[in-house]
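Undergrad: Submitted below is the structure of interest, expressed as structure tokens.
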Amino acid sequence: MENQIKRVLIVTNFNIYDKAQAALEVSAKLSELGCEICTPIYNKDKILKFKSRVYFNFIPIEEAYNTVDAVVVLGGDGAILESARRAAPYNTPILGLNLGRLGYMAELELGELDELSKIISGEYRLDKRSMLNIELINVNGEIRKKEYALNDAVLSNGSISRVVDIELSEGGVHIANYRSDGMIVSTPTGSTAYSLSAGGAIVDPRLACLCVTPICAHSLYARPMIFPDSACLEIKNVCQREKTLFLTVDGRINYELIIGERVRITRSPLTTSFIRLKEGSFYDRLRQKMNDK
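Those letters in the sequence shown? Residues 7 to 299, per my numbering, in order.
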């Protein structure tokens, strides 16, 4: 049994009516259960328009994720990924409620709000997921940007589907050069996202590893690879034809890489904690969400 949750941050896009209504319904349920309901202060004007009877504590975004017991995210996987990045430095757990299409990371659907009582009684478990530490290194060997990701880091040509040349090494040892549409490095959590679509392996999140998946590689021998989570991977832009390549982190953050620049990827010391209220394994979720029952 985990600790009781009393102070909850509600995160959704209040500009979308259906999501706002769902968030108010969830907030009312949690309020009835004795929770203090918080939300970032930029939502204040939007929420007040609905004249909700629920009392919201509006707090600055820089304080939002480190002053609550849990974060309830209403939306799709993209919204959950964004909250995971914000919550991880404070080890604040996340409960996802699916308002998107697949909702692979979400624990609940809108019709399962009775399950929320378990976070008050402590009848839940925490599912801890590993994350990536990502460093963008310039041609002089200097780190010019740091990020972390729950799902993946992708090096590609951006919106234009054109073959690029990249070099992969681990621990300073050259592995291979790839001519492909790009490369994905994912956590086990991210193995069921873009990596899966690109032909990568499905990896049980209990495994400690990093997954490397070439995207549409122009080679008979380029295959997905699995590395231990102690690995230090580097992907270098060696493409002569294109001025820049693009690094995309968790599908939301983009950086340009000129020729000679590298991306260094290791396991992050941070983790994402998902609140699990229902029985079932990773494989149950996989069958349910991938519609292969």
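Note that CB positions come from ideal geometry on N, CA and C, so glycine has one too.
Let me confirm a value: Arg229 is counted as buried when at least 16 other C-beta atoms fall within 10 Å, else exposed. Which label applies?
TA: Counted from its first residue, the sequence shown places residue 229 at position 223. Classification for Arg229: exposed.
Undergrad: For Asp298, count neighbouring Cβ atoms within 10 angstroms of its own Cβ and tell me buried if that reaches 16, exposed if not.
TA: Reading the sequence shown from its first residue, position 292 is the one you call residue 298. The predicted position of Asp298 is uncertain, since its pLDDT is 49 and thus under 50; a value taken from the coordinates is nonetheless stated next. Looking at its Cβ environment, which holds fewer than 16 other Cβ atoms inside 10 Å, Asp298 is exposed.
Undergrad: State buried or exposed for Glu267, treating a residue as buried only when at least 16 other CB atoms are found within 10 Å of its CB.
TA: Indexing the sequence shown from 1 puts residue 267 at position 261. Classification for Glu267: buried.
Undergrad: Rounded to the nearest angstrom, how far is the Cβ of Cys44 from that of Ala70, given a contact under 8 Å?
TA: Position 38 of the sequence shown holds residue 44. Position 64 of the sequence shown holds residue 70. The pair is a contact, with the Cβ atoms about 7 Å apart (cut-off 8 Å).
Undergrad: Residue range of the beta strand (DSSP E) that Ser279 falls in?
TA: In the sequence shown, counting from the first residue as 1, residue 279 sits at position 273. Arg268 to Arg282 is the span of the beta strand (DSSP E), which, as asked, contains Ser279.
Undergrad: Within 10 angstroms of its Cβ, does Ile264 collect 16 or more other Cβ (buried), or is it exposed?
TA: Locating residue 264 in the sequence shown gives position 258, where the first residue counts as 1. Ile264 should be labelled exposed.
Undergrad: Suppose you measure from the CA of Arg247 to the CA of Arg258; what does that come to, to the nearest Å?
TA: As a first step, residue 247 must be located in the sequence shown, where it is residue number 241. As a first step, residue 258 must be located in the sequence shown, where it is residue number 252. Approximately 26 Å, taken between the alpha carbons.
Undergrad: Would you check if the stretch 199 to 215 and the stretch 162 to 180 touch, i.e. whether three or more CB-CB distances between them fall below 8 Å?
TA: At 8 Å Cβ cutoff, the stretches do not touch.
Undergrad: Going along the chain, which residues of its own chain have a beta-carbon closer than 7 Å to the beta-carbon of Asn63, five neighbours each way excluded?
TA: Reading the sequence shown from its first residue, position 57 is the one you call residue 63. Cβ within range, chain order: Glu42, Ile43 and Cys44.
Undergrad: From Ala214, Thr277, Asp256 and Arg282, pick the residue whose C-alpha is nearest to that of Glu118; which is it?
TA: Taking the sequence shown and counting its residues from 1, one reaches residue 118 at position 112. Minimum Cα distance to Glu118 is reached at Arg282.
Undergrad: For Gly164, which residues in the same chain have their Cβ closer than 7 Å to its Cβ, ignoring the five residues on either side in sequence?
TA: Numbered from its first residue, the sequence shown carries residue 164 at position 158. Answer for Gly164: Phe252, listed in chain order.
Undergrad: Is the stretch 131 to 140 touching the stretch 278 to 294, taking contact as three or more C-beta pairs under 8 Å?
TA: Yes, the stretch 131 to 140 is in contact with the stretch 278 to 294.
Undergrad: Return the chain-ordered list of same chain residues with a C-beta closer than 7 Å to the C-beta of Leu36, the five sequence neighbours on each side being excluded.
TA: Taking the sequence shown and counting its residues from 1, the one referred to as residue 36 is at position 30. The residues are Val14, Ile43 and Leu122.
Undergrad: Look up Tyr261 in the DSSP assignment and say whether it is helix, strand or coil.
TA: In the sequence shown, the residue the question calls residue 261 occupies position 255. Three-state DSSP puts Tyr261 in a strand.
Undergrad: Whole angstroms are fine: how far does the CA of Val77 sit from the CA of Ile100?
TA: For this step, residue 100 is matched to residue 94 along the sequence shown. For this step, residue 77 is matched to residue 71 along the sequence shown. One C-alpha to the other measures close to 5 Å.
Undergrad: Among Leu161, Tyr61 and Arg131, which residue has its Cα nearest to the Cα of Gly188?
TA: Position 182 of the sequence shown, counting from 1, holds the residue named residue 188. Ranking Leu161, Tyr61 and Arg131 by Cα distance to Gly188 puts Leu161 first.
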